[in-house]
Amino acid sequence: MSEYESTSLVKTLRPFHVWALGVGIVLVGEYMGWNFTIAKGGVLGSLLAMLVAGTMYVIISLCASELGSATKLAGGPYDWARLFIGPGAAASVGLAVYMEYIALEAADAIVVACIAQSIFPELQVFPVTLLVIALLTFINYRGVVAALTLNFVLTMIAFIAILAFFFSTAFGLVDIHPEYLFQGALPNGMIGLFAALQFGPWFYLGIEGAAMCAEECKHPSRAVPLGQQAGMITLLIGAAMTLYLCTVLIPTDLLGVSVYPLFEAAKNSGIFIFVALLGLGTFLTCVASANGCVCDSSRSWFALSRDNYVSSWFSAVHPKYNTPYRAVIFTMPVAIGFAFSGFLDQVITFSIISGLLCYVLIPFSLIRFRKLFPQTTSKVRPFVSPLQPYISYFAIAIAITILSTLFWGYKYNLIFAFVFYGIAYFYFSHRHKNSNIENNWAEMGWPLPKGLDNGRIKKEAKSIGDE
Amino acid sequence: METNNQALESKYHSKLTGDTALVVGMLTLLICAEGFIIYRILSETWEIASSFFYLYVIFIGLIILIETIGCLKVRESIKTHMFEFKYYD
Numbered sequence: 001m002s003e004y005e006s007t008s009l010v011k012t013l014r015p016f017h018v019w020a021l022g023v024g025i026v027l028v029g030e031y032m033g034w035n036f037t038i039a040k041g042g043v044l045g046s047l048l049a050m051l052v053a054g055t056m057y058v059i060i061s062l063c064a065s066e067l068g069s070a071t072k073l074a075g076g077p078y079d080w081a082r083l084f085i086g087p088g089a090a091a092s093v094g095l096a097v098y099m100e101y102i103a104l105e106a107a108d109a110i111v112v113a114c115i116a117q118s119i120f121p122e123l124q125v126f127p128v129t130l131l132v133i134a135l136l137t138f139i140n141y142r143g144v145v146a147a148l149t150l151n152f153v154l155t156m157i158a159f160i161a162i163l164a165f166f167f168s169t170a171f172g173l174v175d176i177h178p179e180y181l182f183q184g185a186l187p188n189g190m191i192g193l194f195a196a197l198q199f200g201p202w203f204y205l206g207i208e209g210a211a212m213c214a215e216e217c218k219h220p221s222r223a224v225p226l227g228q229q230a231g232m233i234t235l236l237i238g239a240a241m242t243l244y245l246c247t248v249l250i251p252t253d254l255l256g257v258s259v260y261p262l263f264e265a266a267k268n269s270g271i272f273i274f275v276a277l278l279g280l281g282t283f284l285t286c287v288a289s290a291n292g293c294v295c296d297s298s299r300s301w302f303a304l305s306r307d308n309y310v311s312s313w314f315s316a317v318h319p320k321y322n323t324p325y326r327a328v329i330f331t332m333p334v335a336i337g338f339a340f341s342g343f344l345d346q347v348i349t350f351s352i353i354s355g356l357l358c359y360v361l362i363p364f365s366l367i368r369f370r371k372l373f374p375q376t377t378s379k380v381r382p383f384v385s386p387l388q389p390y391i392s393y394f395a396i397a398i399a400i401t402i403l404s405t406l407f408w409g410y411k412y413n414l415i416f417a418f419v420f421y422g423i424a425y426f427y428f429s430h431r432h433k434n435s436n437i438e439n440n441w442a443e444m445g446w447p448l449p450k451g452l453d454n455g456r457i458k459k460e461a462k463s464i465g466d467e
Numbered sequence: 001m002e003t004n005n006q007a008l009e010s011k012y013h014s015k016l017t018g019d020t021a022l023v024v025g026m027l028t029l030l031i032c033a034e035g036f037i038i039y040r041i042l043s044e045t046w047e048i049a050s051s052f053f054y055l056y057v058i059f060i061g062l063i064i065l066i067e068t069i070g071c072l073k074v075r076e077s078i079k080t081h082m083f084e085f086k087y088y089d
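Here the protein sequences come in this chain order: Z and P. If you read the first sequence in UniProt numbering, its first letter stands for residue 1, the second for the next number, and so on. If you read the second sequence in UniProt numbering, its first letter stands for residue 1, the second for the next number, and so on.
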């Protein structure tokens, strides 16, 4: 092991960094993208999609809080699947997380470049996109604290912009059009209620990534649950406010196809301060989202590399900055490739499908974790998620339902994703079947898992016993 | 030594109160915002939404119930482990 590889990630992050990572990635989905729910199901379809997806994400964030504070590992969903399900599921989830975030980073960088071009027409989208990706990669290369502190500031400004706009509207400072609510209530009938579900995750897509900085937290058993739950509540509040503001200020037929709905709602209010605030918020959320995506995708790749799922060369940690710098730098060519593939809408859909796959496997990891380690000691489970495993089964059912709605309009993306992750599952299951990689529970300070009748666990337990 | 321990304990409880206030404040804002928005939207569209309004009631109820219990559990976890893991040092 080289000197670089033996260095560990620095443990300095606090709950507000966890909040900034989670909300920073997701808040962009409230500034744009969520309004496709309106196109599918009108105001009532969008409201139902927001609540159904919100229920699923509340459960996912509780599962992530328990698993993240217990394992304290950088790979997040990948590490949970590796420890509690198996190598095939771990590789699929690791790749799904990587694809989810890297595709989002590419999309965010392009939007930042488009906004910059709309302000300064002499700029060109291609070089600005490259510059944004390069700059964020450099910030993440230099250190996670600087990257997430930047995210905190950007995200806080963008969230305050939504709060200020909402309260001004609620207290009558802005003229609204409540008639838009009835006019666009349910344009496609009852089927629209169901169809709108496919875009419901936009309100919260990626919040589970907040737990991926657990390995770099000073006190992960406090920072992860507190930061994750605060982040989830922030997003629920932001989603509800955004939906209300846009539906009472933009006619439904225009809202369904809007590129920057919150910014357009502010423009329709006719108040300059809100136009400026929401315009700034749109720009900042894209930067914050891309920044958080670099952080999370690099951690997922780093974790895959550390366990030899991909080349172990990527698992090096910088001796000075304590960042997984090779994994961070590697996000750049991949994001650029996605950004200039010319199929960005397909890439984003692939990102959503990848996310939904994670939402099936994260609660399943928790169910397995509970079965293998029923103890609630400080070492094993410092945070105990409530109402388990019932809510996990419920979240899995919602995720599968939303996945099934993607069959309308995104049939080929869905089939491609299943084939891609199916191949990954069987390839890595086969590759790791005879390998000698075992989970060293003792090193984590955990007892041996329950259920030694499971072949894989038995093998791991024996390996530890032999040592 | 006694004074030091008391000061430390007082500091920890004060910080725990800060964490609790943060979560309670956010939960209150969540309940008020969601309640206001759902009321406004459903009241304006009642002619259409009246036949399936229970779907909204079920899911908003689930969100608030699960999130509130989750937040109580977060507080309980911090309170249980704050001295053991030296959260506020």
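Just so it is clear, CB atoms sit at the ideal spot from N, CA and C, and this is done for glycine as well.
Best match in the options for proximity to residue i [C-alpha to C-alpha]
i                     : options                           : result
F330 (chain Z)        : Z:Y98, Z:L21 and Z:P382           : Z:Y98
R75 (chain P)         : Z:R222, Z:G41 and Z:L148          : Z:R222
L406 (chain Z)        : Z:F394, Z:I362, Z:T377 and Z:F350 : Z:F350
I110 (chain Z)        : Z:P87, Z:P386 and Z:F340          : Z:F340
A146 (chain Z)        : Z:A107, Z:L21 and Z:I115          : Z:L21
Y393 (chain Z)        : Z:A417, Z:L403 and Z:P363         : Z:P363
K433 (chain Z)        : Z:I60, Z:G88 and Z:L104           : Z:G88
Y31 (chain Z)         : Z:S298, Z:A442 and Z:V259         : Z:V259
G451 (chain Z)        : Z:L372, Z:S404, Z:R431 and Z:F416 : Z:L372
E215 (chain Z)        : Z:G279, Z:T12 and Z:R370          : Z:T12
I69 (chain P)         : P:E9, P:L27 and P:T17             : P:L27
G337 (chain Z)        : Z:A106, Z:I38, Z:K379 and Z:W80   : Z:A106
F152 (chain Z)        : Z:G76, Z:L67 and Z:S289           : Z:S289
residue 469 (chain Z) : Z:Q229, Z:L123, Z:F426 and Z:F272 : Residue 469 (chain Z) lies beyond the residue range present for chain Z, which begins at 1 and ends at 467; the question has no answer from this structure.
G35 (chain P)         : P:S51, P:L8, P:Y56 and P:L72      : P:Y56
Residue i versus residue j - alpha carbon distance
i              : j              : result
F199 (chain Z) : A49 (chain Z)  : 7 Å
C358 (chain Z) : Q6 (chain P)   : 46 Å
M232 (chain Z) : V128 (chain Z) : 32 Å
A196 (chain Z) : L284 (chain Z) : 27 Å
W313 (chain Z) : A265 (chain Z) : 48 Å
I250 (chain Z) : L22 (chain P)  : 33 Å
V224 (chain Z) : E208 (chain Z) : 10 Å
L148 (chain Z) : G33 (chain Z)  : 24 Å
S8 (chain Z)   : N322 (chain Z) : 7 Å
L95 (chain Z)  : G61 (chain P)  : 35 Å
Y141 (chain Z) : V294 (chain Z) : 10 Å
P201 (chain Z) : A91 (chain Z)  : 23 Å
T242 (chain Z) : F263 (chain Z) : 11 Å
S65 (chain Z)  : G41 (chain Z)  : 32 Å
L154 (chain Z) : S385 (chain Z) : 30 Å
K458 (chain Z) : A210 (chain Z) : Because K458 (chain Z) carries a pLDDT of 49, less than 50, the predicted location of this residue cannot be relied on, and the following value inherits that uncertainty. The alpha-carbon atoms of K458 (chain Z) and A210 (chain Z) are separated by roughly 32 Å.
S315 (chain Z) : M212 (chain Z) : 16 Å
C63 (chain Z)  : L366 (chain Z) : 6 Å
D453 (chain Z) : A442 (chain Z) : With a pLDDT of 49 at D453 (chain Z), under the threshold of 50, the predicted position of this residue should be treated as unreliable, though the coordinate-derived value follows. The straight-line gap from Cα to Cα measures roughly 19 Å.
T169 (chain Z) : I115 (chain Z) : 26 Å
Residue i, buried or exposed, once every other Cβ within 10 Å from all chains shown has been counted against 16
i              : result
H13 (chain P)  : exposed
P382 (chain Z) : buried
D466 (chain Z) : A caution first: D466 (chain Z) carries a pLDDT of 34, below 50, which makes its placement in the model unreliable, though a value can still be read off. By the neighbour-count rule (16 or more Cβ atoms within 10 Å), D466 (chain Z) is not buried but exposed.
G227 (chain Z) : buried
G45 (chain Z)  : buried
W408 (chain Z) : exposed
V43 (chain Z)  : buried
D19 (chain P)  : buried
E5 (chain Z)   : Low confidence applies here, because E5 (chain Z) scores a pLDDT of 46, under 50, leaving its location unreliable and the question unanswered by this model.
A276 (chain Z) : exposed
N439 (chain Z) : buried
D175 (chain Z) : exposed
K320 (chain Z) : exposed
N268 (chain Z) : buried
K462 (chain Z) : Residue placement at K462 (chain Z) is flagged as unreliable, the pLDDT there being 42, under the threshold of 50; a coordinate-derived value is accordingly withheld.
Closer than 8 Å to chain C by CB, residue i
i              : result
A170 (chain Z) : Judged by its chain identifiers, the structure shown contains no chain C, and its protein chains are Z and P.
Quiz prompt | Uninterrupted alpha helix (DSSP H) stretches inside the segment 230-292 of chain Z (no shorter than 4 residues) | solution = Note on the segment 230-292 of chain Z: whole alpha helix (DSSP H) runs with a minimum of 4 residues are 252-255 and 261-269, in chain order.
Quiz item: Pairing CB atoms from the segment 238-258 of chain Z with CB atoms from the segment 23-30 of chain Z, are three or more of them under 8 Å?
Solution: Yes: at least three Cβ pairs fall under 8 Å.
Exercise. Ignoring anything shorter than 3 residues or poking outside the segment 99-172 of chain Z, list the beta strand (DSSP E) runs there in chain order.
Key: Listed in chain order, there is nothing to give.
Quiz item: Is the segment 352-366 of chain Z touching the segment 325-341 of chain Z in the sense that three or more CB pairs, one from each, lie closer than 8 Å?
Solution: Here the segment 325-341 of chain Z does not lie against the segment 352-366 of chain Z, with fewer than 3 beta-carbon pairs under 8 Å apart.
Quiz item: Does the segment 177-187 of chain Z come within contact of the segment 380-398 of chain Z, defined as at least 3 CB pairs closer than 8 Å?
Solution: Cβ pair count under 8 Å is below three, so no.
Quiz prompt | Inter-stretch contact at 8 Å, needing at least 3 Cβ pairs: the segment 298-318 of chain Z / the segment 117-125 of chain Z | solution = Judged by Cβ distances under 8 Å, the segment 298-318 of chain Z makes no contact with the segment 117-125 of chain Z, as fewer than three pairs qualify.
Quiz item: Taking one C-beta from the segment 274-288 of chain Z and one from the segment 149-163 of chain Z each time, how about it: are there three or more such pairs within less than 8 Å?
Solution: Here the segment 274-288 of chain Z lies against the segment 149-163 of chain Z, with 3 or more beta-carbon pairs under 8 Å apart.
Practice problem: Output the residue ranges of the beta strand (DSSP E) runs that lie fully inside the segment 29-94 of chain Z and measure 3 residues or longer, sorted by chain position. | Solution: Complete beta strand (DSSP E) runs here, min 3: none at all.
Quiz prompt | 4-residue-minimum alpha helix (DSSP H) runs that sit fully inside the segment 44-88 of chain P, ordered along the chain | solution = Contiguous alpha helix (DSSP H) elements confined to the segment 44-88 of chain P occur at 46-49 and 53-81, taking only those with 4 or more residues.
Self-check item: Whole runs of the alpha helix (DSSP H) within the segment 305-348 of chain Z, excluding any shorter than 4 residues
Solution: You should have 325-339.
Self-check item: Sequence ranges, alpha helix (DSSP H) only - wholly within the segment 171-234 of chain Z, length at least 4
Solution: 179-183 and 190-195, all fully within the segment 171-234 of chain Z.
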